[in-house]
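Visitor:
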Amino acid sequence: MPNEDGRCMSHLAINLLGTFQATIAEQSAHFATEKARALLAYVAVEAGRPHRREALSALFWPDQPEAAARANLRQTLHRLRLAIEDVESPNPHLLVSVHDVQLDPAGDHWLDVAEFERYVTAYRSHCGLGLPLCAVC
């Protein structure tokens with residue numbers, strides 16, 4: 001689907017509430033490893049900021065020496081990018097640099113957790129002040 005610039009982007013949908021599911025352009029994404037799925041879930045939930053590679057490698061491989069953990073992160077990032085068809089995409093969902101990894105905040109993606117948080121925020125601002133639920137809520 002085209003974005004504001006007229007370029008095509010593949011919609012990425014991520015469901016974390018309940019059974020994990022990720023789809024790219026309405027097709028199930030297939031992950032080579034559980035770490036790739038977990039990495040996608042983490043950067044999606046924490047999408048508001050870039051994540052330092054050394055922090056991600058320490059988080060996902062805490063018992064590994066730093067060099068091995070960083071190598072594992074590189075391999076896992078590659079597997080994740082293959083699963084979400086990001087490798088040769090002109091508009092990747094992941095912003096990956098030598099220092100950071102982030103889910104593109106301007107990208108074409110949807111996350112059920114973020115949607116749930118939006119509804120909770122809307123409720124709190126509307127009826128969440130101890131008032132009874134209105135017809136809208």
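All residue numbers for the sequence shown refer to this note's numbering, where the first residue is 1 and numbers rise by one. We treat Cβ as the ideally placed atom computed from N, Cα and C, and that holds for glycine.
Please state whether DSSP places Val96 in a helix, a strand or coil.
Guide: Position 96 of the sequence shown, counting from 1, holds the residue named residue 96. Residue state, collapsed to three classes: strand.
Visitor: Go to Leu111, then tell me how far its beta strand (DSSP E) extends in each direction, as first and last residue.
Guide: Numbered from its first residue, the sequence shown carries residue 111 at position 111. Looking at the DSSP string, the run of the beta strand (DSSP E) that includes Leu111 is 109–111.
Visitor: Quick one: what's got a C-beta closer than 6 Å to Trp61's C-beta in the same chain, skipping five residues either side?
Guide: Here residue 61 corresponds to residue number 61 of the sequence shown, with the count starting at 1. Cβ neighbours of Trp61 beyond the five flanking positions: Ala69, Asn72.
Visitor: Does DSSP classify Gln64 as helix, strand or coil?
Guide: Taking the first residue of the sequence shown as 1, we reach residue 64 at position 64. Gln64 falls in the coil class under three-state DSSP.
Visitor: Going by C-alpha to C-alpha distance, which of Gln102, Val98, Ile84 sits closest to Glu26?
Guide: Working through the sequence shown from its first residue, we reach residue 26 at position 26. The shortest Cα separation from Glu26 among Gln102, Val98, Ile84 belongs to Ile84.
Visitor: In terms of residues, what are the limits of the alpha helix (DSSP H) holding Ala41?
Guide: Here residue 41 refers to the residue found at position 41 of the sequence shown. Counting along the chain, the alpha helix (DSSP H) containing Ala41 begins and ends at 34–45.
Visitor: Give me the residue from Ser10, Gln102, Val113, Asp108 with the minimum Cα distance to Leu77.
Guide: On the sequence shown, residue 77 is found 77 positions in, with the first residue counted as 1. For the residues Ser10, Gln102, Val113, Asp108, the minimum Cα distance to Leu77 belongs to Gln102.
Visitor: Just list the residues that DSSP pairs His51 with in beta bridges.
Guide: Taking the sequence shown and counting its residues from 1, the one referred to as residue 51 is at position 51. Paired residue(s): Val101.
Visitor: Just verifying my parser: in three-state terms, what is the DSSP assignment at Ser28?
Guide: To locate residue 28, count along the sequence shown from 1; it is residue 28. Note: Ser28 maps to strand in three-state DSSP.
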